[in-house]
Amino acid sequence: EKGGWKSFMAKEIAEEPEAVADTLRGRTADGRVILDLGAIDEALLARIERIILVACGTASYAGQTAAYALQQWTRVPVTVELSHEFRYRDPVLDDRVLVISISQSGETMDTLMATRWAHDQGAATLSICNTQGATIPRESDGVLYTHAGPEVAVASTKAFLAQIAALYLFGLQLAQVRGTMGDDAIARVVARLHAVPDAIREAITASECVPTIAHWMADTRAVLFLGRHVDYPVALEGALKLKELAYIQAEGFAAGELKHGPIALIEPGLPVFVLVPSPRDQPLLHAKVISNIQEIRARGARVLAVAEKGDTAVLPFADEVIALPLVHQLMRPFVTVVPLQTFAMELAEAKGLDVDQPRNLAKSVTVE
Ligand code: F6R
248 EKGGWKSFMA
258 KEIAEEPEAV
268 ADTLRGRTAD
278 GRVILDLGAI
288 DEALLARIER
298 IILVACGTAS
308 YAGQTAAYAL
318 QQWTRVPVTV
328 ELSHEFRYRD
338 PVLDDRVLVI
348 SISQSGETMD
358 TLMATRWAHD
368 QGAATLSICN
378 TQGATIPRES
388 DGVLYTHAGP
398 EVAVASTKAF
408 LAQIAALYLF
418 GLQLAQVRGT
428 MGDDAIARVV
438 ARLHAVPDAI
448 REAITASECV
458 PTIAHWMADT
468 RAVLFLGRHV
478 DYPVALEGAL
488 KLKELAYIQA
498 EGFAAGELKH
508 GPIALIEPGL
518 PVFVLVPSPR
528 DQPLLHAKVI
538 SNIQEIRARG
548 ARVLAVAEKG
558 DTAVLPFADE
568 VIALPLVHQL
578 MRPFVTVVPL
588 QTFAMELAEA
598 KGLDVDQPRN
608 LAKSVTVE
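Following full-length UniProt numbering, the residues of the sequence shown are numbered contiguously, the last one being 615.
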């Protein structure tokens, strides 16, 4: 039930802090991660040589986001593939590869077929899933459930954050087994993870300016999203949300790619969301993104900066600043995605559209 909320999507965004908290609950103790992954045991984690994440849509962006931390923490090479392209690329698979499928529903046919195929090729399979007993976790060697609670709105929101949280837990467990991070470093990240739900609450509050921005943009024909590092997949997710909910042409780019082509799209009045890295954690990337902002602003784009609170460098160049709480760079997707989800929802509403049931879409895609 919607319980007083204007839509399931609004309710599910509000539930994001709990979705992450519930996904973390009982899975850490004394600054360590204590996952039970069934057949994906310590011996297997110690010997794998590669990880491939497979998923579709929003779940694939959760995978792309988490891949940065996973590889950094574990030193195991991590790649991300769309489930429906995976098999057709003839990937090199054997029992030294762990294939992790990410699926809210656990019923997405493309992801199920990718999982089955990986299993048949001898790879180990782990499922990150939000639905107890769904087909994909049943067919996988191990499962790590996200505890986001039922997601009713067709557009995925809280499940995305829970998927990243689950993948981060997995990454830390793998780092523990392989000794690629010291105990102190692990404990620090565990503490950062537990601080995420409060940071999301702050991001929800910081997004209270977003409805006004969305309402004066109801006639917009196109919107761009730029991000770097972990915020690059978040930019892709922001664009996907806008396409599916508000039926607006939207594209996400890695900010560094701008001068390799997309800058030709910039014209006066074009709204561009720019996810600005933390000036404290990522000063080099921060400076590069500020210079991207200057470039697009000089061509008349309307810059909507999603920045860290207190980041004064963006102020001279941004038309709007959404000021998010200070979190470590790897935790930023949990907060940067919130205003983008809110923006898509509010813009769809401003256009009089049904945000819970966008046209042409189904909650789970059970055909290939
Ligand atoms: C976008 C969205 C879809 C799903 C995708 C995978 O808002 O909901 O892109 O993320 O269809 O679905 P699951 O996670 O159920 O496999």
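Glycine included, every Cβ here is placed at the ideal spot set by N, Cα and C. Model, not experiment: these values are computed from the prediction.
- With 16 or more other Cβ atoms inside 10 Å of its own Cβ, Glu-262 counts as buried.
- Linking Ile-375 to Leu-391 through their CA atoms gives a straight-line distance of about 5 Å.
- Residue Thr-358 holds the alpha-carbon nearest to the alpha-carbon of Pro-384 among Thr-358, Arg-294, Val-344, His-507.
- The bridge partners DSSP lists for Leu-300 are Val-327, Ile-347.
- Within the model, the alpha-carbon separation for Leu-271 versus Glu-265 is close to 10 Å.
- Assignment of Arg-279 by DSSP, reduced to helix, strand and coil, places it in the strand class.
- A heavy atom of the ligand F6R is found nearer than 7 Å to the CB of Gln-351.
- Three or more pairs of CB atoms, one per stretch, sit closer than 8 Å, so the segment 298–312 contacts the segment 406–425.
- In the structure shown, Thr-358 falls within a helical segment according to DSSP collapsed to helix, strand and coil.
- Straight through space, the alpha carbons of Gly-285 and Val-519 are spaced by roughly 45 Å.
- Here Arg-544 really is in contact with Val-550; their C-beta atoms are around 5 Å apart, less than 8 Å.
- For Pro-444, no beta strand (DSSP E) segment is defined; the enclosing uninterrupted segment is the alpha helix (DSSP H) at 430–453.
- Taking 7 Å as the cut-off, the C-beta of Thr-358 counts as close to a heavy atom of the ligand F6R.
- Cβ-Cβ distances below 8 Å link Arg-343 to Arg-294, Ile-295, Glu-296, Arg-297 in the same chain, with the five nearest sequence neighbours on each side left out; the list follows chain order.
- Taking 4 residues as the minimum length, the alpha helix (DSSP H) runs contained wholly in the UniProt domain "SIS" (460–605) are 478–493, 530–545, 579–597, in order along the chain.
- With a contact defined as Cβ atoms closer than 8 Å, Ile-569 and Pro-586 qualify at about 5 Å.
- Out of Glu-398, Arg-274, Trp-320, Glu-248, the CA that lies nearest to the CA of Lys-610 is found in Glu-398.
- Remark: C-beta atoms of Leu-571 and Ala-591 do not approach each other more closely than 8 Å.
- Within 7 Å of the C-beta of Thr-305 there is at least one heavy atom belonging to the ligand F6R.
- When secondary structure is reduced to three states using DSSP, Thr-382 falls in the helix class.
- Around the beta carbon of Ile-281, fewer than 16 other beta carbons sit within 10 angstroms, so the residue counts as exposed.
- For Leu-489, the closest C-alpha among the options Leu-329, Ala-565, Arg-274, Ala-597 is that of Ala-597.
- Ala-266: member of the alpha helix (DSSP H) spanning 263–271, first to last residue.
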